[in-house]
Each structure stands twice: as structure tokens, then as C-alpha cells.
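> In the numbering used here, the protein residues as written are 515 to 827.
1) Considering only DSSP beta bridges, list what residue 687 is partnered with.
2) To which residues of the same chain is residue 826 closer than 6 Å at the C-beta, ignoring the five residues directly before and after it?
3) Under the assumption that residue 800 contacts residue 604 (Cβ atoms under 8 Å), give the Cβ distance between them as a whole number of angstroms.
4) Report the rounded CA-to-CA distance for residue 633 versus residue 651, giving the unit in angstroms.
5) Just curious, the beta strand (DSSP E) that residue 676 is in, first and last residue?
6) Closest to residue 523 by C-alpha separation, out of 599, 556, 617 and 551, would be which residue?
7) Quick one: Cα of residue 780 to Cα of residue 546, how far?
8) Can the beta-carbon of residue 653 be found less than 8 Å from the beta-carbon of residue 669?
9) Nearest CA to the CA of residue 804: which residue from 548, 527 and 601?
10) Just curious, the alpha helix (DSSP H) that residue 535 is in, first and last residue?
11) When you compare each of 727, 759 and 753 to residue 674 by their alpha carbons, which one comes out closest?
12) Using a beta-carbon distance below 8 Å, is residue 541 in contact with chain B?
13) Count the other C-beta atoms from every protein chain shown that fall within 10 angstroms of the C-beta of residue 527, then say buried if there are 16 or more, exposed otherwise.
14) Would you list the one or two residues that DSSP bridges to residue 670?
15) Considering Cα atoms alone, identify which of 708, 808, 517 and 559 is closest to residue 637.
16) Whole angstroms is fine: what's the gap from residue 469's alpha carbon to residue 687's?
17) If you reduce the DSSP assignment to three classes, tell me which class residue 782 lands in.
18) So if DSSP puts residue 708 in a beta bridge, which residue, or which two residues, is it bridged to?
19) What residues in its chain sit with their C-beta under 6 Å from that of residue 819, if we drop five residues either side in the sequence?
20) For residue 525, tell me which candidate among 620, 598 and 540 has the shortest Cα-Cα distance.
21) As a quick exercise: from 704, 757 and 542, pick the residue whose alpha carbon is nearest that of residue 532.
22) Secondary structure at residue 741, three-state DSSP: helix, strand or coil?
23) Using a threshold of 8 Å, state whether the C-beta atoms of residue 711 and residue 822 are closer than that.
24) What does DSSP give as the partner residue(s) for residue 770 in the beta ladder?
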């Protein structure tokens with residue numbers, strides 16, 4: 515009779531690149547208080563901001579026009595806010611001969627990026643995804659209403675849908691980047707797409723692969739995806755492609771979004787055993803690993819419905 519099977523480790527876990535966390539800036543905030551939510555001030559550019567000085571202008575024939583000396587505000591300041599949310603992994607683990615804390619962190623690492631991306635797209639956190647999901651994550655992408663809290667802090671913009679009929683990837687991306695240029699000036703924005711849209715953008719030759727470098731050390735930090743115009747591209751495995759109203763797109767289409775710069779913060783992993791949850795038949799105990807996240811973006815939120823596939827009609 516054959517002996518018992520050997521217990522071995524499974525294959526390693528390699529996360530895919532180009533996700534939300536990789537594309538976000540990670541500010542150094544003091545202490546853990548950001549987990550209660552944050553506020554900040556957006557200062558977003560608007561049209562206008564040049565003046566004419568008759569003393570240095572070259573006017574040609576016909577005389578100089580009257581000098582323009584008055585200035586008007588060309589930056590809009592908005593008080594913004596963001597809320598934190600927690601993602602978790604729950605599993606059964608033998609307490610004998612293993613390090614449950616290490617196992618918990620590995621389990622969370624396999625799911626957390628997709629959970630964070632889904633929460634940032636839909637506004638629904640894992641804890642609220644029950645029979646009647648509740649929106650608890652602000653700001654998020656798929657939103658069709660402005661939300662301002664009682665302190666006059668803007669928690670959510672309504673996404674402006676630029677293309678709703680389902681167009682090819684290049685046209686949809688062009689509409690988003692044109693709107694970003696108007697809203698965000700000559701600053702680098704972020705385009706958010708589900709993985710199902712990436713082949714269409716690649717077929718349309720709209721992608722640019724670059725090696726990122728640390729601005730302080732100059733060391734390479736990995737590959738990143740950009741549009742040809744230079745906006746960062748997030749390819750989210752947790753992005754469901756839903757509309758600003760939250761509805762699923764028709765087959766062969768997906769919504770994509772564009773925002774200003776994205777920033778994100780996260781806590782350390784907290785792993786703990788669930789008291790009293792012991793499976794005596796299997797001799798395992800229920801463990802949970804969790805981490806708190808907060809994600810925000812600047813100034814702009816646009817959406818477009820893209821047709822997936824190539825060639826296009």
C-alpha cells in the first residue's frame with residue numbers, strides 16, 4: 515500500500531503589473547489617523563491666465579491694442595474628502611507546524627489588489643457587498659451624482675460620460691484625453707481600464723511601455739504603461755467595466771474612465787484567529803487577514819463606452 519502523500523508548498527504567487535496601487539502616488543502621512551478619512555484641497559487649472567503688455571509686444575503695423583493688465587482667477591480650489599475601507603481574506607489553517615500569520619499575509623496578497631480595484635471602481639466595499647450592496651467608498655469611478663458632506667467637503671464627483679454609444683478604443687481614449695487636457699491642463703492624468711480592454715488599446719497602437727525610475731535614487735522600479743500622450747494607464751483586474759450608474763455594459767463593450775493623479779495609502783496587514791471557529795474534524799482554525807486602504811484622485815472624472823475587439827466597423 516502506498517504511503518501518505520507528501521505535503522509540499524504550492525506554486526509561487528506573481529501579481530500582474532500595471533494595477534492601481536502601482537500607478538498611484540503614496541504620500542507620507544504621519545500616523546494612522548488617515549484611516550478615519552482625509553480631506554485635502556484640490557487646486558485645478560481652468561482656461562485663461564495670460565496678459566498683454568504693450569511695452570514688450572511686437573505688434574507689426576496698425577498700432578498696438580490697449581494693454582491688458584487685469585487678471586482673473588484661473589485656478590479652482592475645492593475642498594475634497596476620501597474615506598477608507600478594509601479588504602480581507604478569510605481561510606482555514608492548521609495551527610500545528612505552520613506559521614498562521616505568514617499564511618494569512620500570503621492569502622491576502624492573492625486577493626487584495628482585485629478587491630481594492632473593485633471598491634475604487636464601484637464604491638462598494640467588501641463589507642457592504644451583501645444582498646443590497648451599500649456605497650461606502652468615496653471617491654470612486656462609476657458614479658453619476660455629486661456628493662458633498664455636511665461640512666461642504668466634496669466626497670464624490672459625478673462622472674461626465676463623453677461617449678455612450680460604444681466606439682473604437684482609439685476614439686474613446688482620445689475623447690478622455692481631450693477632456694483631461696481641458697480639465698487638468700498639461701498635467702499627467704490616469705486612464706482606468708479593465709483588462710478586457712487592454713488588447714483593443716494595444717491593437718490600436720495606443721500604448722507606450724516605459725521603465726519607471728525612482729526620482730530620488732534614479733534606480734529603475736519596473737515597467738509601467740502609458741498612453742501615447744503620456745497619461746498613466748491602470749489595467750485593473752478588479753475593474754468590472756460598469757457605467758456611471760453602476761449597470762453592466764452590453765456584451766462586447768466596456769466603460770473606461772479618466773481622472774487626475776491618483777494617490778493611495780494602506781496600513782500594515784493585521785492577521786488574527788477567529789475566536790471559537792475551530793473545525794475539529796479537520797483540526798483547522800479560521801484565520802482572517804485584513805488591510806485598510808484609502809484611494810483618492812484630483813480634479814477630473816470622465817467616462818467613455820468603448821467597443822472591445824478589432825477590427826472596428
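Even glycine gets a Cβ: it sits at the ideal position worked out from N, Cα and C.
A quick look at the data gives this:
1) To locate residue 687, count along the chain shown from 1; it is residue 173. Its beta-bridge partners do not exist; DSSP assigns none.
2) To locate residue 826, count along the chain shown from 1; it is residue 312. Annotation note: pLDDT 47 at residue 826 (below 50); position unreliable, no value reported.
3) Position 286 of the chain shown, counting from 1, holds the residue named residue 800. Position 90 of the chain shown, counting from 1, holds the residue named residue 604. The pair is a contact, with the Cβ atoms about 7 Å apart (cut-off 8 Å).
4) In the chain shown, counting from the first residue as 1, residue 633 sits at position 119. In the chain shown, counting from the first residue as 1, residue 651 sits at position 137. Spanning the two alpha carbons is a distance of roughly 7 Å.
5) Looking up residue 676 in the chain shown gives position 162. Counting along the chain, the beta strand (DSSP E) containing residue 676 begins and ends at 674-681.
6) Here residue 523 is taken as the residue at index 9 of the chain shown, counted from 1. It is 617.
7) Against the chain shown, residue 780 aligns to sequence position 266. Against the chain shown, residue 546 aligns to sequence position 32. When rounded, the distance between both Cα atoms is 9 Å.
8) Taking the chain shown and counting its residues from 1, one reaches residue 653 at position 139. Taking the chain shown and counting its residues from 1, one reaches residue 669 at position 155. Result yes, Cβ atoms of residue 653 and residue 669 sit closer than 8 Å.
9) Mapped onto the chain shown, residue 804 falls at position 290. Selected option, being the one with the closest Cα: 601.
10) Stepping through the chain shown from its first residue, residue 535 is reached at position 21. Residues 534-537.
11) Position 160 of the chain shown, counting from 1, holds the residue named residue 674. Of 727, 759 and 753, the residue nearest in Cα terms is 759.
12) Here there is only one protein chain, and chain B is not present.
13) By 1-based counting over the chain shown, the position of residue 527 is 13. Answer is exposed; the Cβ neighbour count stays below 16.
14) To locate residue 670, count along the chain shown from 1; it is residue 156. DSSP, once it has assigned bridges, lists 661 as partnering residue 670.
15) To locate residue 637, count along the chain shown from 1; it is residue 123. For the residues 708, 808, 517 and 559, the minimum Cα distance to residue 637 belongs to 808.
16) In the structure displayed, the chain extends from 515 to 827; residue 469 sits before or after that span and is not available.
17) Within the chain shown, residue 782 is the residue found at index 268, counting from 1. Correct three-state label for residue 782: coil.
18) In the chain shown, the residue the question calls residue 708 occupies position 194. According to DSSP, which records beta bridges pairwise, residue 708 is partnered with 750.
19) Within the chain shown, residue 819 is the residue found at index 305, counting from 1. So the list reads 677, 678, 680, 767 and 769, once near-sequence residues are dropped.
20) Within the chain shown, numbered from 1, the residue matching residue 525 stands at position 11. Comparing Cα positions, the closest option is 620.
21) Along the chain shown, one-based indexing puts residue 532 at 18. When only C-alpha atoms are compared, the closest one is 704.
22) One-based indexing of the chain shown puts residue 741 at position 227. The answer is strand: DSSP assigns residue 741 an E or B state.
23) One-based indexing of the chain shown puts residue 711 at position 197. One-based indexing of the chain shown puts residue 822 at position 308. Yes, the Cβ-Cβ distance between residue 711 and residue 822 is below 8 Å.
24) By 1-based counting over the chain shown, the position of residue 770 is 256. Partner(s): 818.
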